[in-house]
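J.: Below you'll find the structure I mean.
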Amino acid sequence: MDKKITLITGGGSGIGRAVCLKFIEQGHQVLIAGRSKEKLLKTQAMCADPKLCIPVEADIATTEDRQKIKDNVADSEIEFLIHNAAVLGKITKLKDMTIENWNSVLNINLDAPLFLTQTLLDQMYQSRILHISSGAAHSAIEGWGAYCASKSALHMLYKVWNKEFQNKLYFGSLRPGVVDTAMQEQLRSADRNQFPGLQKFHDLYSNNELENTNRVANFIFWVLTSTTNDQYIEKEWDIRDEFHRKNWDY
Ligand SMILES: NC(=O)c1ccc[n+]([C@@H]2O[C@H](COP(=O)([O-])OP(=O)(O)OC[C@H]3O[C@@H](n4cnc5c(N)ncnc54)[C@H](OP(=O)(O)O)[C@@H]3O)[C@@H](O)[C@H]2O)c1
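Heads up, the sequence shown is in numbering that gives the first Met the number 0, so the first residue is 0 and it goes up one at a time.
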């Protein structure tokens with residue numbers, strides 16, 4: 000396999016779109032996966048070189064579509080795999096959680112990254128896999144039970160993968176901050192009774208304090224392409240940490 004590719008789930012919007020544009024601007028070939036073909040094509044049209052972008056309509060929560068993604072990169076080595084796609088699900092307290100909501104969030108946010116990595120293992124050599132994490136992996140938020148549980152478990156998966164693939168594959172985890180995307184729009188429309196912490200997110204939005212997707216993309220690109228393997232896996236990256244900022248915030 001002489002062709003190298005970067006694979007990004009959820010490349011049709013938000014952080015995934017910005018990361019796709021960044022990697023293509025830097026000359027990488029990128030496959031983006033998502034359920035909405037329209038959104039993926041829009042990302043492709045925005046790329047500096049649209050020929051470098053392969054949009055694949057796929058629901059990563061299904062075995063068939065994970066195989067479809069693999070079929071589209073059959074002749075390539077996967078250099079970077081970015082597990083970015085995720086959903087908040089319906090914001091609701093645990094006492095009102097339905098099994099359907101729970102399963103849907105866990106299937107997309109947790110099962111899909113696990114089994115997509117597994118599906119692609121024979122195309123990865125010294126590759127870097129990145130889990131997009133969240134503050135919600137580490138702090139309990141009322142109304143976000145399924146999302147918090149999924150991101151917390153995803154954080155543990157990155158650690159276990161690293162133990163199992165020492166010196167062969169490199170798994171990273173990264174917190175992008177509170178970012179101005181569709182996910183934030185969704186949570187601002189939540190029911191205050193189900194999500195008592197809602198006001199903080201309205202304030203971040205109205206004070207123009209949400210993180211910008213292009214800055215997140217710069218950060219992700221730097222973490223993936225400019226750190227040593229030991230640095231990459233050592234601990235979860237957080238965009239708010241100051242010590243690395245000079246390397247990517249330009
Ligand atoms: N925004 C924030 O403040 C924030 C903070 C911390 C962490 N994050 C994390 O950042 C990542 C990106 O989120 P975002 O903020 O950029 O939100 P977003 O714009 O809603 O992006 C989520 C993407 O995931 C895709 N997706 C969802 N379910 C999918 C499925 N079953 N199969 C394939 N693709 C699927 C969506 O596309 P389709 O609907 O077309 O499938 C969408 O493009 C997520 O992991 C999120 O948890 C975000």
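Here a beta-carbon is modelled for each residue, glycine too, at the ideal position from N, C-alpha and C.
Everything numeric in this text was worked out from a predicted model, so none of it was measured.
Output the distance between the C-alpha atoms of Glu-208 and His-201, rounded to the nearest integer angstrom.
T.: One C-alpha to the other measures close to 10 Å.
J.: Determine contact between the region 90 to 109 and the region 47 to 55, defined as no fewer than three beta-carbon pairs at a distance below 8 Å.
T.: Cβ pair count under 8 Å is below three, so no.
J.: Using three-state DSSP, classify Lys-3 as helix, strand or coil.
T.: The answer is strand: DSSP assigns Lys-3 an E or B state.
J.: Suppose the cutoff is 6 Å on Cβ atoms and the five residues either side in sequence are ignored; what does the same chain contact list for Lys-3 look like?
T.: Contacts found: Glu-76 and Glu-78.
J.: Across which residues does DSSP place Val-222 in a beta bridge pair?
T.: Val-222 is not bridged to any residue.
J.: CB Val-215 to CB Val-177, shorter than 8 Å?
T.: Cβ atoms of Val-215 and Val-177: not closer than 8 Å.
J.: When we look at the beta-carbon of Ala-44 and count the other beta-carbons within 10 Å, is it buried (16 or more) or exposed?
T.: The residue in question, Ala-44, is exposed, as its Cβ has fewer than 16 Cβ neighbours within 10 Å.
J.: Report the start-end ranges of each alpha helix (DSSP H) in the region 26 to 83 that is 4 residues or longer and not cut off at the edges.
T.: List check, alpha helix (DSSP H) in window: 36 to 45 and 62 to 71.
J.: Roughly how many angstroms lie between the CA atoms of Cys-147 and Ala-32, to the nearest whole one?
T.: Roughly 23 Å separates the two Cα atoms.
J.: Tell me whether Val-254 sits in a helix, a strand or coil according to DSSP, three-state version.
T.: Lying before the first or after the last residue shown, residue 254 is absent from the chain, which here runs from 0 to 249.
J.: How long is the line joining the alpha carbons of Asn-246 and Ile-238, rounded to whole angstroms?
T.: Roughly 12 Å between the two C-alpha positions.
J.: Let me check understanding here. Comparing Cα to Cα, which of Val-222, Ser-172, Phe-218 and Gln-66 lies closest to Tyr-249?
T.: Of the listed residues, the one whose Cα sits closest to Tyr-249 is Phe-218.
J.: Please report the distance separating the alpha-carbon of Ile-90 from that of Ala-84.
T.: So the alpha carbons of these two residues sit roughly 18 Å apart.
J.: Taking all protein chains shown into account, decide if Arg-191 is buried (16 or more other Cβ within 10 angstroms of its Cβ) or exposed.
T.: So Arg-191 counts as exposed.
J.: Compute every distance between the C-beta of Pro-195 and the non-hydrogen atoms of ligand 1, then say whether any falls below 7 Å.
T.: Result no, Cβ not under 7 Å from ligand 1.
J.: Under 8 Å: do the region 25 to 39 and the region 92 to 104 share three or more Cβ pairs, one atom per stretch?
T.: The region 25 to 39 vs the region 92 to 104: no contact.
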